[in-house]
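To start, the structure itself, in structure tokens.
Numbering (the working numbering), first residue to last: 28 to 273.
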């Protein structure tokens, strides 16, 4: 008698086993994604902190540069009092104090705010890393103050160029230098020469007006520097507080 045996596939998995495998696979993928997210979050947080530290260093340099430039500009500006007090003597002869004053106010100390961090933040998409709204607003506000300063500086530079060009059109520097080499500084006043190429009242009046404008804009620049310095100090304090910097 032939006996038939039913074959049983003992290796076949049940639905519970498949569900378990699916869950384990899902858990592995989820944990991997979570770890990757946390790593990316940490990297961005580290970059944010590095940007803030760099920004504070830039602000420290800016405040020092502002103070140095402002001090030199104010020291120069003292000569304007001498210039305007003695300006009527310009066409009458050589006045040493007046001429030296005119030489002393030529040029001015500019400041160049450090922009290594600001450029990366504002122009290279770095601001997305600054999650602290107060810090982000402070950085943007400080950048606006710098733009105000730069606009004033551009206007001042134009006024200085006009004064400088007219001054050198009026003065006879060739004769002045020749006599100075021959007679010395003290002997120039004894020559009776005014060392001007043009000494008519209109031209001297134009030069006086340009000197006034030049001085006024220098004073505006000083106020811009004051505002910029205050903004830098406030931003430094804010960043140090928000990011717990020493």
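Here a beta-carbon is modelled for each residue, glycine too, at the ideal position from N, C-alpha and C.
Looking at the unbroken alpha helix (DSSP H) that takes in residue i, where does it start and where does it end?
i, result
"residue 228", "228–269"
"residue 131", "123–131"
"residue 148", "143–150"
Since I believe residue j is in contact with residue i (beta carbons under 8 angstroms), could you give me their beta-carbon distance rounded to a whole number of angstroms?
i, j, result
"residue 141", "residue 178", "Not confirmed; about 19 angstroms, so no contact."
"residue 175", "residue 113", "About 35 angstroms separates the two Cβ atoms, so there is no contact after all."
"residue 99", "residue 136", "4 angstroms"
"residue 96", "residue 138", "5 angstroms"
"residue 190", "residue 156", "With 8 angstroms as the limit, residue 190 and residue 156 do not qualify as a contact, their Cβ atoms being about 46 angstroms apart."
Check whether the Cβ of residue i sits closer than 7 angstroms to any heavy atom of the ligand GDP, and report yes or no.
i, result
"residue 160", "The ligand GDP is absent from the structure shown, which contains no ligand whatsoever."
| At least three beta-carbon pairs within less than 8 angstroms, the region 71–79 to the region 234–253 | no
| request: Taking only runs that begin and end inside the region 159–223, name each unbroken alpha helix (DSSP H) of 4 or more residues, in chain order. | output: Counting whole runs of 4 or more residues, the region 159–223 contains the alpha helix (DSSP H) stretches 160–197, 200–210 and 212–215.
| Does the region 122–136 come close enough to the region 254–271 that 3 or more CB-CB pairs lie under 8 angstroms? | Taking a contact to require three or more Cβ pairs closer than 8 angstroms, the region 254–271 and the region 122–136 do not qualify as touching.
| Unbroken beta strand (DSSP E) runs of length 3 or more, entirely within the region 82–114: which are they? | none
| Taking three-plus beta-carbon pairs below 8 angstroms as touching, is the region 126–138 in contact with the region 103–111? | yes
| said: Check whether the region 259–266 and the region 162–171 are in contact - that is, three or more C-beta pairs closer than 8 angstroms. | reply: The answer is yes - the region 162–171 touches the region 259–266, with three or more Cβ pairs under 8 angstroms.
| Validate contact between the region 192–202 and the region 216–224 using beta carbons, cut 8 angstroms, 3 pairs | yes
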